[in-house]
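As structure tokens, the structure follows; a few thoughts come after it.
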Amino acid sequence: MLDRPIKDYHFVAQAETTIDGVDDKEEMLITDEAFDIMKFSQKEKDDLFAITAGIMHMGELKMKQRPREEQAELENGKEGELACKLFHVDFEKFVGSLLKPRVKVGSEWVNKGQKSRTGELGIGCSCQGVVCSNVHMADKQM
Numbered sequence: 001m002l003d004r005p006i007k008d009y010h011f012v013a014q015a016e017t018t019i020d021g022v023d024d025k026e027e028m029l030i031t032d033e034a035f036d037i038m039k040f041s042q043k044e045k046d047d048l049f050a051i052t053a054g055i056m057h058m059g060e061l062k063m064k065q066r067p068r069e070e071q072a073e074l075e076n077g078k079e080g081e082l083a084c085k086l087f088h089v090d091f092e093k094f095v096g097s098l099l100k101p102r103v104k105v106g107s108e109w110v111n112k113g114q115k116s117r118t119g120e121l122g123i124g125c126s127c128q129g130v131v132c133s134n135v136h137m138a139d140k141q142m
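Just so you know, the sequence shown maps onto residues 1 to 142 in UniProt numbering.
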């Protein structure tokens, strides 16, 4: 799911990744046991970890502004493709929703062009929404 050192991912690189005296392997076993106690199936656990990895890949998406246009485009779609694979969503629709979201103007729906900064903010907001959905799902499981 994650194919390089954890510090190479933007969302994690902004914080410390280790805590003195904490054994990550032991903590992972405790987390897995807690999921078992809450009656999570193996598929549910795998899905939670896949979604978490997808969020990490989304944090690597970078936009660039098209010259002389008010439209952004992805610099490299590889990270988006990995995220979409983990989320089980169509890559083209995903990118379209970030770069040209549909908005209602009066009684009509139109595709709105995004500048690169707005697109990057949309990525962050999407990640926050996915995290909230995961927490809500886990909370309902308890």
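Note that beta-carbon positions come from the ideal geometry of N, C-alpha and C, so glycine has one too.
Since we're looking at a predicted model, the values are computed, not measured.
**OP:** Select from Gly129, Glu27, Val135 and Gly113 the residue whose C-alpha is nearest the C-alpha of Met58.
**Re:** Checked all of Gly129, Glu27, Val135 and Gly113; the closest Cα to Met58 is Gly129.
Original post:
Span of the beta strand (DSSP E) holding Val103?
Top reply: Looking at the DSSP string, the run of the beta strand (DSSP E) that includes Val103 is Arg102 to Val105.
Subject >> Beta-carbon spacing of Glu120, Leu61 below 9 Å >> reply: In this structure, Leu61 lies closer than 9 Å to Glu120 by Cβ.
Subject >> Three-way DSSP call (helix, strand, coil) for Val135 in this model >> reply: In this structure, Val135 counts as helix in the three-state DSSP scheme.
Original post:
From Asp24 to Gln71, what does the alpha carbon distance come to, in whole angstroms?
Top reply: Cα to Cα, Asp24 sits roughly 42 Å from Gln71.
**OP:** Report the rounded CA-to-CA distance for Pro5 versus Leu86, giving the unit in angstroms.
**Re:** Cα-Cα distance, rounded: 18 Å.
Subject >> 3 or more residues per run - each beta strand (DSSP E) lying fully within the UniProt domain "Myosin motor" (1–142) >> reply: DSSP runs (the beta strand (DSSP E)) wholly in the UniProt domain "Myosin motor" (1–142): 63–65, 72–74, 102–105 and 108–111.
Original post:
What's the C-alpha gap between Pro101 and Val110?
Top reply: Their backbone Cα atoms lie some 8 Å apart in a straight line.
Original post:
When you compare each of Lys104, Leu74 and Val103 to Val95 by their alpha carbons, which one comes out closest?
Top reply: Measuring from the Cα of Val95, the nearest candidate turns out to be Leu74.
Subject >> Exposure of Glu79, with buried meaning 16 or more beta-carbon neighbours within 10 Å >> reply: That one is buried.
**OP:** Use the C-beta contact count for Cys84: other C-beta atoms within 10 angstroms, 16 or more gives buried, fewer gives exposed.
**Re:** Flag for Cys84 reads buried.
Original post:
With distances taken from CA atoms, which of Lys112, Ser97 and Leu98 is nearest Lys104?
Top reply: Per the Cα distances, Lys112.
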